[in-house]
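Engineer: 452 is the number that our numbering gives to position 139 of the sequence shown; each next residue is one higher, with no gaps.
Okay, here's the structure, questions in a sec.
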Amino acid sequence: MGDWDGGAYEDGLALDEGSLVLSASSLATFHRCGLQWEFAYVKRVKRPPTIKQQLGIASHSAYEQDMLVKLTTGENAPEDVVLDVFNEEYEEARKAGFLMLKDPEDEEDPIKAKDQQILVIQKQHREIAPLIVPVLVEEPFLYTINGHPYSGTLDLFDAEGKLRDWKNVAKKPGKEDGYGLGMVGYAIGYRHLTGLIEREVQIDFLVRYKKQAPGYFPVTSGGPVSDEAISSFASVVERAYDAIMAGKFVANGLQNNACSWCGFRDICPALRR
314 MGDWDGGAYE
324 DGLALDEGSL
334 VLSASSLATF
344 HRCGLQWEFA
354 YVKRVKRPPT
364 IKQQLGIASH
374 SAYEQDMLVK
384 LTTGENAPED
394 VVLDVFNEEY
404 EEARKAGFLM
414 LKDPEDEEDP
424 IKAKDQQILV
434 IQKQHREIAP
444 LIVPVLVEEP
454 FLYTINGHPY
464 SGTLDLFDAE
474 GKLRDWKNVA
484 KKPGKEDGYG
494 LGMVGYAIGY
504 RHLTGLIERE
514 VQIDFLVRYK
524 KQAPGYFPVT
534 SGGPVSDEAI
544 SSFASVVERA
554 YDAIMAGKFV
564 ANGLQNNACS
574 WCGFRDICPA
584 LRR
């Protein structure tokens, strides 16, 4: 089982003075493609989000606002308030020219995509959110596991004992889209913050279809995160930490198709070989 405790590190990721703080997003990026991680976290090359990414970012802000209101008042926020949060964040990025298209062969209209995502948010607000009683919302955590710092933010912990995370996706999740290592890291974070053990972890997949009504597919662990899962997570963090500190950034994207949407394609040496 992984050994974790509190750590005197700032939340996030830093490479100054040899410190390195991993998170769910940075760990996922490293596994997706080492070069992508190097561009984003070492060279600090800035790239705008894709349309799909910005839809997810803006939607997450809307869900967060709804749950924060309910945490305070016991009632969900009005739908127009939730949609205003989404609209303002998405339009701010769009008007500033920050949205990139995923791929010329999969071009989306930013306005049409936005209208489709509004249907997703309405489904979430009308059918799913009313059933949730939030206990913790957007709670930051920081701990060390096997001596390595790890940080993040818990999306939601509800009164049923579920640790939950919202995911906006373009297709129904498959067997490979389980709760995964990210949720194991969140479970450890919850235990570190509260001293309690979650009943289960759950990813709430919200699907934006282009030609049909939105879909909702919750994927749960069926119980608390196991010691075996925590041990595996600790090993993954340790291997990633060692590789990063050794400067080993492998171009995994060539094998898993991450290159098709990567924002660093124009400067990536792996694609020029």
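Positions of the beta carbon are idealized from the N, C-alpha and C atoms, including for glycine.
1. Between the region 434-445 and the region 490-505, can you find at least three pairs of beta-carbon atoms closer than 8 Å?
2. Buried or exposed, going by whether 16 or more other CB atoms sit within 10 Å of the CB of Lys-427?
3. In the structure shown, what three-state DSSP assignment does Lys-475 receive?
4. Does the beta carbon of Lys-524 come closer than 8 Å to any beta carbon on chain B?
5. Going by the CB atoms, is the gap between Ala-375 and Leu-396 shorter than 8 Å?
6. Within a Cβ cutoff of 6 Å, which residues of the same chain sit near Glu-377, ignoring the five residues on either side of it in sequence?
7. Compute the Euclidean distance between the alpha carbons of Glu-351 and Arg-360, then round it to the nearest angstrom.
8. For Phe-411, is the classification buried or exposed, using 16 other Cβ atoms within 10 angstroms of its Cβ as the cut-off for buried?
9. Could you give the distance in angstroms between the alpha-carbon of Gly-508 and the alpha-carbon of Ser-339?
10. Between which two residues does the beta strand (DSSP E) holding Leu-455 run?
11. What separation, rounded to the nearest whole angstrom, lies between the Cα atoms of Asp-579 and Leu-519?
12. What is the DSSP secondary structure of Gly-258, reduced to helix, strand or coil?
13. Are the region 520-537 and the region 547-563 touching by the rule of at least three beta carbon pairs closer than 8 Å?
14. Which class does Ser-539 belong to by DSSP, given the choice of helix, strand or coil?
15. Report all residues from its chain with a CB closer than 7 Å to the CB of Gly-498; omit the five preceding and five following residues, and keep chain order.
16. Mind checking Asp-478: buried by the 16 CB within 10 Å criterion, or exposed?
17. For the 8 Å Cβ check, are there 3 or more pairs between the region 385-405 and the region 432-441?
18. Mind checking Ala-341: buried by the 16 CB within 10 Å criterion, or exposed?
19. Can you name the residues that DSSP bridges to Asn-481?
20. From the DSSP output, which residues share a beta bridge with Glu-388?
21. In or out: Lys-523 buried (at least 16 other Cβ within 10 Å) or exposed?
22. Is it true that the CB of Ile-557 sits closer than 8 Å to the CB of Leu-333?
23. Under 8 Å between the Cβ atoms of Arg-345 and Gly-566?
24. Please state whether the Cβ-Cβ distance between Ala-526 and Leu-348 is less than 8 Å.
25. Quick check on Glu-513: does DSSP put it in helix, strand or coil?
26. Tell me, which residues are paired with Phe-470 by DSSP?
Structural biologist: From the atom records:
1. no
2. By 1-based counting over the sequence shown, the position of residue 427 is 114. Buried, by the Cβ-count rule.
3. Indexing the sequence shown from 1 puts residue 475 at position 162. If DSSP states are grouped into helix, strand and coil, Lys-475 belongs with the strands.
4. Note that chain B does not occur in the displayed structure, where there is just one protein chain.
5. The residue given as residue 396 occupies position 83 in the sequence shown. The residue given as residue 375 occupies position 62 in the sequence shown. Going by C-beta atoms, Leu-396 is nearer than 8 Å to Ala-375.
6. As a working mapping, residue 377 is identified with position 64 in the sequence shown. Only Glu-451 meet the Cβ criterion.
7. Sequence index remark: in the sequence shown, residue 351 carries index 38 (1-based). Sequence index remark: in the sequence shown, residue 360 carries index 47 (1-based). So the alpha carbons of these two residues sit roughly 13 Å apart.
8. Working through the sequence shown from its first residue, we reach residue 411 at position 98. With fewer than 16 other Cβ atoms within 10 Å, it is exposed.
9. Counted from its first residue, the sequence shown places residue 508 at position 195. Counted from its first residue, the sequence shown places residue 339 at position 26. If you take the alpha carbons of Gly-508 and Ser-339, they lie about 26 Å apart.
10. By one-based count along the sequence shown, residue 455 stands at place 142. Run containing Leu-455: 447-458, per the beta strand (DSSP E) assignment.
11. Within the sequence shown, numbered from 1, the residue matching residue 579 stands at position 266. Within the sequence shown, numbered from 1, the residue matching residue 519 stands at position 206. Asp-579 and Leu-519: Cα-Cα distance of roughly 31 Å.
12. Here the chain covers residues 314 to 586 and nothing more, so residue 258 does not appear.
13. no
14. Within the sequence shown, residue 539 is the residue found at index 226, counting from 1. If DSSP states are grouped into helix, strand and coil, Ser-539 belongs with coil.
15. Taking the first residue of the sequence shown as 1, we reach residue 498 at position 185. Contacts found: Ala-337, Tyr-463, Gly-465 and Phe-546.
16. The residue given as residue 478 occupies position 165 in the sequence shown. The residue in question, Asp-478, is buried, as its Cβ has 16 or more Cβ neighbours within 10 Å.
17. yes
18. As a position in the sequence shown, residue 341 is number 28, starting the count at 1. When all chains shown are included, Ala-341 counts as exposed.
19. Translated into the one-based positions of the sequence shown, residue 481 becomes position 168. Bridge partners of Asn-481: Leu-519.
20. Locating residue 388 in the sequence shown gives position 75, where the first residue counts as 1. Bridge partners of Glu-388: none, in fact.
21. Position 210 of the sequence shown holds residue 523. When all chains shown are included, Lys-523 counts as exposed.
22. Taking the sequence shown and counting its residues from 1, one reaches residue 333 at position 20. Taking the sequence shown and counting its residues from 1, one reaches residue 557 at position 244. It is a contact, given that the beta carbons lie within the stated cut-off.
23. As a working note, residue 345 is residue 32 in the sequence shown. As a working note, residue 566 is residue 253 in the sequence shown. In this structure, Gly-566 lies closer than 8 Å to Arg-345 by Cβ.
24. The residue labelled residue 526 in the question sits at position 213 within the sequence shown. The residue labelled residue 348 in the question sits at position 35 within the sequence shown. Taking 8 Å as the Cβ cut-off, Ala-526 and Leu-348 do not qualify as a contacting pair.
25. One-based indexing of the sequence shown puts residue 513 at position 200. If DSSP states are grouped into helix, strand and coil, Glu-513 belongs with the strands.
26. Numbered from its first residue, the sequence shown carries residue 470 at position 157. Paired residue(s): Leu-449 and Leu-476.
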